[in-house]
Amino acid sequence: MTDAATLFGLCAAALVGIGVYALIVNPQPLRKIVAFNVVGNGVFVLFGAIAHRGAGAGWGGDPVPQALLITGLVVAFSATALAVTLLLRLFEEAGSATLAPDAPAPAKPDTSDG
Amino acid sequence: MAEFLLGASGFVLATVAFGLARILWGPGDADRMMAAQLLGTGGVGALLLLGAATGEGGAVDVALTLALLAAFASVAFFKSASEARADEAADRG
Amino acid sequence: MSLADLFTVVAVSAGAVFFLAGTVGLLRFPDALTRLHALTKADNLGLGLVVLGLLPRVDGVLGGLKLVAIWLLALLAGAAVSQLIARAARSPGPRG
Amino acid sequence: MTEALNVGLALVILALALWTVVARDTFAAVVGFVAYGLLLTLVWVQLRGIDVALTEAALGSGLTGALLIRAAARLRKTESAARAERPGVLTRIVALLAAGCVTAALAVAVLALPDPAPTLAPETADNLAATGVGNPITAVLLAFRAMDTMLEAIVVLFALVGVWSLAPDRAWGGRPGPLQRADPDGILAYLARALPPVGLVVGVYIFWIGADLPGGKFQGATILAAMWLLAVMAGLADAPPVSRTWLRLALVGGPVVFIAVGVAGAAYAGAFLAYPDGLAKPLIKVIEWALLPSLAVTLALILAGVPERTST
Chain D
1 MTDAATLFGL
11 CAAALVGIGV
21 YALIVNPQPL
31 RKIVAFNVVG
41 NGVFVLFGAI
51 AHRGAGAGWG
61 GDPVPQALLI
71 TGLVVAFSAT
81 ALAVTLLLRL
91 FEEAGSATLA
101 PDAPAPAKPD
111 TSDG
Chain X
1001 MAEFLLGASG
1011 FVLATVAFGL
1021 ARILWGPGDA
1031 DRMMAAQLLG
1041 TGGVGALLLL
1051 GAATGEGGAV
1061 DVALTLALLA
1071 AFASVAFFKS
1081 ASEARADEAA
1091 DRG
Chain Z
2001 MSLADLFTVV
2011 AVSAGAVFFL
2021 AGTVGLLRFP
2031 DALTRLHALT
2041 KADNLGLGLV
2051 VLGLLPRVDG
2061 VLGGLKLVAI
2071 WLLALLAGAA
2081 VSQLIARAAR
2091 SPGPRG
Chain A
3001 MTEALNVGLA
3011 LVILALALWT
3021 VVARDTFAAV
3031 VGFVAYGLLL
3041 TLVWVQLRGI
3051 DVALTEAALG
3061 SGLTGALLIR
3071 AAARLRKTES
3081 AARAERPGVL
3091 TRIVALLAAG
3101 CVTAALAVAV
3111 LALPDPAPTL
3121 APETADNLAA
3131 TGVGNPITAV
3141 LLAFRAMDTM
3151 LEAIVVLFAL
3161 VGVWSLAPDR
3171 AWGGRPGPLQ
3181 RADPDGILAY
3191 LARALPPVGL
3201 VVGVYIFWIG
3211 ADLPGGKFQG
3221 ATILAAMWLL
3231 AVMAGLADAP
3241 PVSRTWLRLA
3251 LVGGPVVFIA
3261 VGVAGAAYAG
3271 AFLAYPDGLA
3281 KPLIKVIEWA
3291 LLPSLAVTLA
3301 LILAGVPERT
3311 ST
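Protein chains in written order, with this note's numbering: chain D, 1 to 114; chain X, 1001 to 1093; chain Z, 2001 to 2096; chain A, 3001 to 3312.
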């Protein structure tokens, strides 16, 4: 039977696949951000499984990849937060949150702030 | 004993996972938040049992962090729900 | 099996039953407020019993304090969140 | 038994990931994602990465969840317009093929991983004593790979600069986020009074034990940031105007100390970020103490959002 590292490694592979599909198919930007996070989590779990395989010296995992994972999680959060803020500003400014080039933006009288 | 704790952890986890069906069914946002809240509490319980079964002392600290931030997402939900209502009221004039 | 182990088994099992009850309530009860009722009672008691069952197994005072703190935090969060959710569910609007 | 638990955990996580894709309602998808982040914490415990589990619990399911839920609730009005944009069958088939190929390639790679696995654990163990800290992950973050951590702290700061640069001209330098109306007797205000003192203790505790046990500055800082945001959401505190000098100093303090220690290392120990013999532990502590408040303020302000209200 499979060990935890292989099991979660395969689970991570599936997560990346699910995320890639969602990233392409979902038109809404917020859904794309979520999908991007699913891809990212898949990569992180895969890396964590590799760290777990490298267990040694009395530790449950290789500390070097685990430390890099912490760095990765923090950077992923920063990127997600920036993307979400950008999206909310777009919505505030344009009245819609779409990536379509010729989206029928609702007419907004002159309340722009330059 | 470890086997029992592990089994209990799996049982609690499986139970609250079924509760996730409420996220699927809804019908309201409130129902979905409830399912997430139940998963939060159940997750903390499962984590404590898991830590006790494997002798991983740090699991308690993880559970502590989860319990501390359990309300955070729900508070954000409530604030944005009330903001949205205020907006709607303002739109209607 | 020692007495402490027996205590753990009984308390943790009881806690698991409460989690089950909470889930059944969440899935089967007819509307948001009754579901909330089932949920808050069950998950607070469930976690409380799990914590109680694990208390004899901790080493040191700090470990026990942390376990109790987790339960108290969950109680506080549960009480606050259930009020907030109930208010959101009751207020008029297209989505409750 | 462990195996059954792991298989169950993996299946629920995959089901939730699928749900975030197929759910019609964005809010429902996002709540699914929050639950999924919570379960990932359990995965990290099962993979014996307690430090990572702590980070995931604080950042992944805590702050990210609040961020996405807030955004989904605010963007609800755009929902119906977006449904009209659904891509055609051809796009879906191509996407499915692409996703399948990626998954298959990764799965093959996972099954073909070398045995025994390459590991740096023995090297870390051999050199741990030189750093004076007991938690190998802290040693990696602040001694062996300190450059990564320094750049990471700067990246987080850049993210905040990015958020601020989205401010409309009239609000530049003002307070971030909408004004929160406080209800002093409400349950939210009660929660925001009761929780932060506990959170302060827990956050500093997680930071404090990070030298020898799982924990550290990122996890501690995230908890502190969350507690402050709770007080802001309850209307008990207001975000400061982003042009305040003390705020700017608090933001850059941690990275500046980190860089200064690095430059001092270049002067006295022969390499950037090298620690002189015997001084490793005190220097690591200086960096950690400087980074904790900076990271807490930065993370909190990233979540507080774009400056919207001119300071008066």
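Glycine is no exception: its CB is placed at the ideal position from the N, C-alpha and C atoms.
TODO: For residue 3198/A, decide whether its Cβ has a neighbour in chain Z, counting only Cβ atoms nearer than 8 Å.
DONE: At least one chain Z Cβ lies under 8 Å of residue 3198/A.
- [ ] List the residues of chain A whose Cβ lies closer than 7 Å to the Cβ of residue 9/D, in chain order.
- [x] Those are 3110, listed as they occur along chain A.
Open item on the list: Quick check: the Cα distance between residue 2034/Z and residue 3187/A, rounded to an integer number of angstroms?
Closed with: Those two C-alpha atoms are separated by around 20 Å.
TODO: Compare the C-beta of residue 3040/A against all C-beta atoms of chain Z and say whether one is closer than 8 Å.
DONE: Chain Z, which has no Cβ nearer than 8 Å to the Cβ of residue 3040/A, makes this no.
TODO: Flag residue 1065/X as yes if its beta-carbon sits less than 8 Å from any beta-carbon of chain A, otherwise no.
DONE: It does; some Cβ of chain A falls within 8 Å.
- [ ] Excluding the 5 residues preceding and the 5 following residue 113/D in the sequence, name in chain order all residues of the same chain whose CB lies nearer than 8 Å to its CB.
- [x] Interpretation of residue 113/D is limited by its pLDDT of 45, a score under 50 that renders its predicted location unreliable; no figure is taken from the coordinates.
TODO: Check residue 3293/A in the structure and name its three-state DSSP category.
DONE: Shown here, residue 3293/A sits in a helix according to DSSP, grouped into three states.
Open item on the list: I want to verify the contact list: residues of chain Z whose CB lies under 8 Å from the CB of residue 3194/A, in sequence order.
Closed with: What residue 3194/A touches in chain Z: 2076.
Open item on the list: So that I know if they touch, is there some Cβ in chain A lying closer than 8 Å to that of residue 94/D?
Closed with: By this cut-off, residue 94/D is not an interface position.
Task: Rounded Cβ spacing between residue 3064/A and residue 77/D (contact assumed at less than 8 Å) - done: 6 Å between Cβ atoms; contact.
Task: Neighbour list for residue 3069/A in chain X, Cβ cutoff strictly below 8 Å - done: 1073, 1076, 1077, 1080, listed in chain order.
Open item on the list: Could you check whether the region 1040-1058 of chain X touches the region 1007-1023 of chain X, counting it as contact only if at least three pairs of C-beta atoms, one from each stretch, sit closer than 8 Å?
Closed with: Touching, yes.
- [ ] Return yes when the Cβ of residue 3159/A is within less than 8 Å of the Cβ of residue 3259/A, no when it is not.
- [x] The answer is no: Cβ separation not under 8 Å.
Open item on the list: For residue 3093/A, count the other beta carbons within 10 Å of its own beta carbon; 16 or more makes it buried, fewer makes it exposed. Which is it?
Closed with: Counting Cβ neighbours within 10 Å, residue 3093/A comes out exposed, since fewer than 16 surround it.
Open item on the list: According to DSSP, simplified to helix, strand and coil, what is residue 3308/A?
Closed with: It is a strand residue.
Open item on the list: Taking only three categories from DSSP, how would you classify residue 3172/A?
Closed with: It is coil, neither helix nor strand.
TODO: Indicate the three-state DSSP secondary structure (helix, strand or coil) for residue 56/D in the structure shown.
DONE: Residue 56/D: strand per DSSP, three-state reduction.
TODO: State buried or exposed for residue 109/D, treating a residue as buried only when at least 16 other CB atoms are found within 10 Å of its CB.
DONE: Residue confidence for residue 109/D is low, a pLDDT of 49 falling below 50, so the modelled location carries little weight; the figure read from the coordinates is stated next. Exposed: under 16 other Cβ atoms inside 10 Å.
- [ ] May I ask you to report which of helix, strand or coil DSSP gives residue 3190/A?
- [x] In this structure, residue 3190/A counts as helix in the three-state DSSP scheme.
TODO: Under 6 Å Cβ to Cβ from residue 3066/A, same chain only, skipping five residues before and after it: list those, please.
DONE: Within the same chain, no Cβ atom closer than 6 Å to the Cβ of residue 3066/A is found once the five residues on either side in sequence are excluded.
Task: residue 1016/X: contacting residues in chain Z (beta-carbon distance under 7 Å) - done: Within 7 Å of the CB of residue 1016/X, the CB atoms of chain Z belong to 2019, 2023, in sequence order along the chain.
Open item on the list: I need the straight-line Cα distance from residue 1071/X to residue 3298/A, nearest angstrom please.
Closed with: Across the structure, residue 1071/X and residue 3298/A are spaced so that their CA atoms are roughly 22 Å apart.
Task: Euclidean distance between Cα positions of residue 3210/A and residue 3234/A - done: Taking the straight line joining both Cα atoms gives about 31 Å.
Task: With 16 other Cβ atoms within 10 Å as the buried cut-off, status of residue 1052/X - done: Classified as buried, residue 1052/X has 16 or more neighbouring CB atoms from the shown chains inside 10 Å of its CB.
Task: residue 2025/Z and residue 2038/Z closer than 8 Å at C-beta - done: Yes. Within cutoff.
- [ ] Taking residue 3218/A as the query, report the chain X residues whose CB atoms sit under 7 Å from its CB, ordered along the chain.
- [x] When 7 Å is used as the limit between beta carbons, residue 3218/A is near no residue of chain X, the shortest such separation being about 12 Å.
Task: Cα-Cα separation, residue 3205/A to residue 1089/X - done: Taking the CA atoms as reference points, residue 3205/A sits about 45 Å from residue 1089/X.
TODO: Verify the CB distance criterion: does residue 1001/X have a CB-CB separation below 8 Å to chain A?
DONE: It does not; no Cβ of chain A falls within 8 Å.
TODO: Classify residue 3119/A as helix, strand or coil using the three-state DSSP reduction.
DONE: Note: residue 3119/A maps to coil in three-state DSSP.
Task: Of the listed residues 3058/A, 3019/A, 3036/A, 3034/A, nearest to residue 3218/A (C-alpha basis) - done: Considering only alpha carbons, the answer is 3058/A.
- [ ] For the alpha helix (DSSP H) holding residue 1009/X, just list the boundary residues, first then last.
- [x] Following the DSSP letters along the chain, one finds residue 1009/X inside the alpha helix (DSSP H) bounded by residues 1002-1019.
Open item on the list: Applying the 10 Å Cβ sphere with the 16-neighbour rule, what's the burial state of residue 3128/A?
Closed with: Its Cβ being crowded by 16 or more others within 10 Å, residue 3128/A is buried.
Task: Beta carbon proximity, residue 3019/A to chain X, threshold 8 Å - done: By this cut-off, residue 3019/A is an interface position.
Task: Limits of the unbroken alpha helix (DSSP H) element including residue 3217/A - done: Under the DSSP assignment, residue 3217/A falls in the alpha helix (DSSP H) whose first and last residues are 3217-3233.
Task: Coarse secondary structure for residue 3243/A, derived from DSSP in three states - done: Reduced to three states, the DSSP call for residue 3243/A is coil.
Open item on the list: Give me the chain Z residues within the contact set of residue 3187/A, using Cβ-Cβ distance strictly less than 8 Å, ordered along the chain.
Closed with: The answer, in chain order, is 2079, 2080, 2083, 2084.
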